[in-house]
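Structure first, commentary second.
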Amino acid sequence: ATAAYSGTITVYNTTTGCSGSTPFTATITYPIVESFSNQTFCATTFTTPTAYNTVNFSLVEKTATDFDASQTNATIIITIPTGFQFRAGTGTIASNGVGAQDISVNSSTITTTSITVNVSTAATQVNIDEINFTGIQIRATAAPSSGDVVRLGGTFKSNGSTSIPSSSSSDSFGHLATSSPSVYNSSS
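Each position in the sequence shown, counted from 1, maps to that position plus 471 in our numbering.
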């Protein structure tokens with residue numbers, strides 16, 4: 472099983488016959504998911520989809536080695552919950568353009584149900600890298616609906632795992648919900 476942990480671990484050598492009790496300390500970090508604010512879509516009916524909301528979100532390293540080195544054409548697949556759609560072909564996915572980067576976004580595809588990003592990383596990781604998703608458009612197509620935009624798959628590794636960030640709501644790129652239609656009642 473793979474577990475995600477972020478923090479510091481201190482290990483003491485307790486093997487008989489070894490001299491010294493100097494601890495070995497390892498700091499394990501987890502990339503930061505910078506999510507968009509919660510989106511609530513309102514409509515009197517969902518027989519036709521709502522207008523699109525535009526959102527931005529990112530995946531950012533805490534340390535220069537959070538994204539594994541020497542990855543070639545690795546993929547990140549991000550999905551949207553049932554009852555919502557991305558606007559196909561709309562939005563930009565890029566690495567941070569400021570300063571040196573150890574990651575390159577080779578290509579990306581945005582469909583109504585997912586975003587697939589193809590990336591490569593350098594053999595030596597020395598910079599804090601980020602993958603930015605900008606101008607991504609989302610709309611509601613059914614009510615009631617709610618859920619999170621999450622990573623659901625791909626071959627891209629972070630801290631040695633293809634499941635970081637995970638598909639749980641704690642690693643959400645943003646939460647989506649529809650509200651019930653409003654009803655006006657006249658008292659006269």
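Here a beta-carbon is modelled for each residue, glycine too, at the ideal position from N, C-alpha and C.
DSSP bridge partner residues for residue i (one or two, in chain order)
{"i": "F643", "result": "One point to set straight first is that residue 643 is Ser, not Phe, in the sequence displayed. Its beta-bridge partners do not exist; DSSP assigns none."}
{"i": "F604", "result": "F528, I564"}
{"i": "F512", "result": "T649"}
{"i": "R610", "result": "Q556"}
{"i": "V576", "result": "V590"}
{"i": "I581", "result": "I586"}
Beta-carbon gap between residue i and residue j smaller than 7 angstroms
{"i": "I581", "j": "A559", "result": "yes"}
{"i": "F569", "j": "V590", "result": "In the sequence as presented, Phe is not what sits at residue 569; that position holds Val. Not closer than 7 angstroms, so no."}
{"i": "P636", "j": "V526", "result": "no"}
{"i": "T553", "j": "L623", "result": "no"}
{"i": "I602", "j": "L530", "result": "yes"}
{"i": "T649", "j": "F512", "result": "yes"}
{"i": "A611", "j": "T521", "result": "yes"}
{"i": "I609", "j": "F528", "result": "no"}
{"i": "T592", "j": "I607", "result": "no"}
{"i": "V621", "j": "S641", "result": "no"}
{"i": "P502", "j": "D539", "result": "no"}
{"i": "G631", "j": "I548", "result": "no"}
{"i": "D600", "j": "E532", "result": "yes"}
Where the beta strand (DSSP E) through residue i begins and ends
{"i": "S637", "result": "S637 -> no beta strand (DSSP E), and no H or E assigned at all."}
{"i": "A545", "result": "545 to 550"}
{"i": "D619", "result": "617 to 624"}
{"i": "T587", "result": "585 to 592"}
{"i": "S629", "result": "Looking at the DSSP string, S629 is not in any beta strand (DSSP E), and its letter there is neither H nor E."}
{"i": "I503", "result": "503 to 505"}
Nearest-angstrom Cβ-Cβ length linking residue i and residue j, presumed shorter than 8 angstroms
{"i": "F604", "j": "T546", "result": "Wrong, their Cβ atoms sit about 14 angstroms apart, outside the cutoff."}
{"i": "N598", "j": "A571", "result": "5 angstroms"}
{"i": "S508", "j": "S643", "result": "About 12 angstroms separates the two Cβ atoms, so there is no contact after all."}
Residue-chain proximity (residue i, chain D), Cβ-Cβ < 7 angstroms
{"i": "A535", "result": "Absent from the structure: chain D. Only one protein chain is present."}
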